[in-house]
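S.K.: Attaching a single structure in structure tokens format; questions to follow.
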Amino acid sequence: MSFQDDPGQRWGNPQWAPQPAAGEPSRLGGQRTALTVLLAIIAVVSVLSIAAYAGRIGYVDEVLESGSIDRAAAEDADGFVAVGEILWVLLMLAIAPVFIVWQYRHAKNARLLGSQDGGVASPGWAIGGWFIPLANFVIPAINLFGNARHSTTSAERRGPAIVPVWAVCWGLAAALDRGAQASIPDELSSDYLDRLRTADTLSLAANVGYIAAAVLAVVMVRTLTTRQEAALATRMTSIGHQQPYASWPAAPPGAQYGQQPYGQPGYGQQPYGQPAYGPPPAGPPYGQPAPPYGQPQPGPNPPPSPFAPSDPPPNADGPAAPPAPPPPVPPPAP
Numbered sequence: 001m002s003f004q005d006d007p008g009q010r011w012g013n014p015q016w017a018p019q020p021a022a023g024e025p026s027r028l029g030g031q032r033t034a035l036t037v038l039l040a041i042i043a044v045v046s047v048l049s050i051a052a053y054a055g056r057i058g059y060v061d062e063v064l065e066s067g068s069i070d071r072a073a074a075e076d077a078d079g080f081v082a083v084g085e086i087l088w089v090l091l092m093l094a095i096a097p098v099f100i101v102w103q104y105r106h107a108k109n110a111r112l113l114g115s116q117d118g119g120v121a122s123p124g125w126a127i128g129g130w131f132i133p134l135a136n137f138v139i140p141a142i143n144l145f146g147n148a149r150h151s152t153t154s155a156e157r158r159g160p161a162i163v164p165v166w167a168v169c170w171g172l173a174a175a176l177d178r179g180a181q182a183s184i185p186d187e188l189s190s191d192y193l194d195r196l197r198t199a200d201t202l203s204l205a206a207n208v209g210y211i212a213a214a215v216l217a218v219v220m221v222r223t224l225t226t227r228q229e230a231a232l233a234t235r236m237t238s239i240g241h242q243q244p245y246a247s248w249p250a251a252p253p254g255a256q257y258g259q260q261p262y263g264q265p266g267y268g269q270q271p272y273g274q275p276a277y278g279p280p281p282a283g284p285p286y287g288q289p290a291p292p293y294g295q296p297q298p299g300p301n302p303p304p305s306p307f308a309p310s311d312p313p314p315n316a317d318g319p320a321a322p323p324a325p326p327p328p329v330p331p332p333a334p
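Below, the structure is given as structure tokens:
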């Protein structure tokens with residue numbers, strides 16, 4: 001049986017037909033562990049970035065109050081911020097493919113559990129939804145929420161609230177980050193320091209949101225994976241670990257493919273105690289020549305006709321006279 005079959009149905013129900021084999025579920029344990037580690041690391045990097053932005057904001061305030069610029073302090077503040085940004089980008093490049101693979105497998109497993117939702121809930125949108133600008137803040141969350149509804153042992157099919165909470169937190173943090181990037185001033189502008197302080201403030205707030213989103217993502221990934229694993233285990237128990245449809249029956253122990261079970265005659269063989277072949281056809285014995293063409297074939301003597309006499313009739317004139325001797329031959333002339 002497959003994951004799509006209803007264990008409560010039986011073959012005799014004309015309104016139900018068996019579904020084709022749905023395949024084996026994908027394992028999510030590896031992605032769950034990897035995402036837990038990577039998201040924890042990026043949260044730590046975001047904490048360092050918060051410290052870097054806070055330090056540069058304090059330096060800008062000092063410059064605005066004193067009117068003097070310390071080049072060494074400015075370079076140190078800029079370098080700290082740059083290191084935090086580079087580490088954050090590298091970690092996001094590592095997290096993105098792992099998260100997408102996890103979400104795709106989660107969507108495929110939901111299909112095995114009976115999900116028939118179309119649109120953005122399909123497994124293909126678990127990947128493609130991340131590559132559409134602006135929509136990538138909505139489609140992945142809808143995909144996760146819809147598939148999580150079918151990945152539970154509860155009959156109510158409720159989606160977990162952690163998914164929309166994570167999506168809102170992630171969207172707000174990303175919006176603040178884009179606002180910060182748009183606020184970065186030109187070095188030649190007259191209000192460079194004021195605009196730099198505004199951009200750093202937005203970046204600091206964005207990293208706070210990223211930390212919250214990372215924590216929520218860890219909880220979401222682990223929760224959805226655990227729910228789906230429990231649903232898959234329950235489904236396997238309900239169908240009794242039966243073989244998928246269209247599978248060949250297993251051969252008896254010790255038998256090879258093409259062999260008959262012990263006690264059963266093979267192909268073309270007669271049961272035990274029966275002759276393997278019928279009686280031989282009538283004809284000359286093996287090794288002796290057959291009669292010429294047109295001559296009667298030897299065979300068993302036919303029974304005598306009831307109308308033929310068994311013995312020839314006797315001669316009415318008595319026994320037959322012997323034949324006359326031949327005349328003498330004259331001697332040759334001298």
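Each residue of the sequence shown is one higher than the last, beginning at 1 in the UniProt record's numbering.
The beta-carbon is built from N, C-alpha and C at its ideal position, and this holds for glycine as well.
Taking Y192 as the reference, which of L64, R27, V45 has the closest Cα?
M.R.: If we check each option's Cα against that of Y192, L64 comes out closest.
S.K.: Rounded to a whole number of angstroms, what is the C-alpha to C-alpha distance between A51 and R111?
M.R.: Going from the Cα of A51 to the Cα of R111 covers about 45 Å.
S.K.: Nearest CA to the CA of A73: which residue from S190, V60, V83?
M.R.: Comparing Cα positions, the closest option is V60.
S.K.: What would DSSP say about V138, mapped onto helix, strand or coil?
M.R.: Coil, per DSSP.
S.K.: With 16 other CB atoms within 10 Å as the buried threshold, where does S49 fall?
M.R.: Answer is buried; the Cβ neighbour count reaches 16.
S.K.: Is I69 buried or exposed, if buried means 16 or more other CB atoms sit within 10 Å of its CB?
M.R.: Exposed, by the Cβ-count rule.
S.K.: Kindly indicate which three-state DSSP category A180 falls into: helix, strand or coil?
M.R.: Note: A180 maps to helix in three-state DSSP.
S.K.: Would you grab the beta carbon distance between A96 and W166 for me? Rounded to a whole angstrom, and I think it's under 8 Å.
M.R.: That belief does not hold up - the Cβ atoms of A96 and W166 are roughly 15 Å apart, past 8 Å.
S.K.: Going straight from the alpha carbon of C169 to that of I142, what length do you get?
M.R.: Cα to Cα, the separation comes out at about 15 Å.
S.K.: Starting from the Cα of A107, find the closest Cα among R27, R56, R235 and give me that residue.
M.R.: That would be R27, whose Cα lies nearest to the Cα of A107.
S.K.: Since P160 and T223 should fall inside the 8 Å C-beta cutoff, what is the C-beta to C-beta distance between them, to a whole number of angstroms?
M.R.: Confirmed, about 6 Å.
S.K.: Going along the chain, which residues of its own chain have a beta-carbon closer than 7 Å to the beta-carbon of Y149, five neighbours each way excluded?
M.R.: Here the sequence assigns Arg to residue 149, which means Tyr is not the residue at that position. Cβ neighbours of R149 beyond the five flanking positions: R157, R158, G159.
S.K.: Could you have a look at R158 and say whether DSSP puts it in helix, strand or coil?
M.R.: Reduced to three states, the DSSP call for R158 is coil.
S.K.: Pick out whichever of I162, E62, R71 has its Cα sitting closest to the Cα of A213.
M.R.: Per the Cα distances, I162.
S.K.: Looking at L35: is its Cβ nearer than 8 Å to the Cβ of V215?
M.R.: No. Outside cutoff.
S.K.: Alpha carbon to alpha carbon, what distance is there between E75 and V83?
M.R.: In a straight line, the C-alpha of V83 is about 12 Å away from that of E75.
S.K.: Any chance the region 176-183 sits against the region 195-214, with 3 or more Cβ pairs inside 8 Å?
M.R.: The region 176-183, when compared against the region 195-214, does touch it at the 8 Å Cβ threshold.
S.K.: Starting from the Cα of A231, find the closest Cα among L38, I42, G114, I100 and give me that residue.
M.R.: The option with the nearest alpha carbon to A231 is G114.
S.K.: For R105 and R56, I'd like the C-alpha separation in whole angstroms.
M.R.: Approximately 43 Å between the Cα atoms of the pair.
S.K.: Please classify F131 as buried or exposed, where buried requires at least 16 neighbouring CB atoms within 10 angstroms.
M.R.: Its Cβ having fewer than 16 others within 10 Å, F131 is exposed.
S.K.: From I139 to A54, what does the alpha carbon distance come to, in whole angstroms?
M.R.: Computed Cα separation, rounded: 34 Å.
S.K.: Would you identify the three-state DSSP class for I211, choosing helix, strand or coil?
M.R.: DSSP places I211 in helix when its eight states are reduced to three.
S.K.: Please work out which residues of its chain come closer than 6 Å, Cβ to Cβ, to A43, disregarding the five sequence neighbours upstream and downstream, and give them in chain order.
M.R.: If we look at A43 and ignore the five residues flanking it on each side, its Cβ neighbours are I211, A214.
S.K.: Are the Cβ atoms of L91 and I41 separated by less than 8 Å?
M.R.: Yes; because the gap between Cβ atoms is below 8 Å, this pair is in contact.
S.K.: Whole angstroms is fine: what's the gap from L134's alpha carbon to A174's?
M.R.: For L134 and A174, the distance between alpha carbons rounds to 10 Å.
S.K.: In this structure, how does DSSP classify Q116 when only helix, strand and coil are distinguished?
M.R.: Three-state result, Q116: coil.
S.K.: Go through its chain and collect everything with a Cβ distance to L176's Cβ below 7 Å, but skip five positions before and after it.
M.R.: Result list for L176: L202, A205, A206, G209, in chain order.
S.K.: Contact defined as beta carbons within less than 8 Å: I believe S151 pairs with Q103. What is the distance between those atoms, to the nearest angstrom?
M.R.: At roughly 12 Å, the Cβ-Cβ gap does not stay under 8 Å, so S151 and Q103 are not in contact.
S.K.: If we define contact as Cβ-Cβ less than 8 Å, is L144 a contact residue for chain D?
M.R.: Here chain D cannot be found, since the structure has a single protein chain.
S.K.: In whole angstroms, give me the CA-to-CA distance for V98 and L188.
M.R.: Straight-line Cα distance between these residues: approximately 42 Å.
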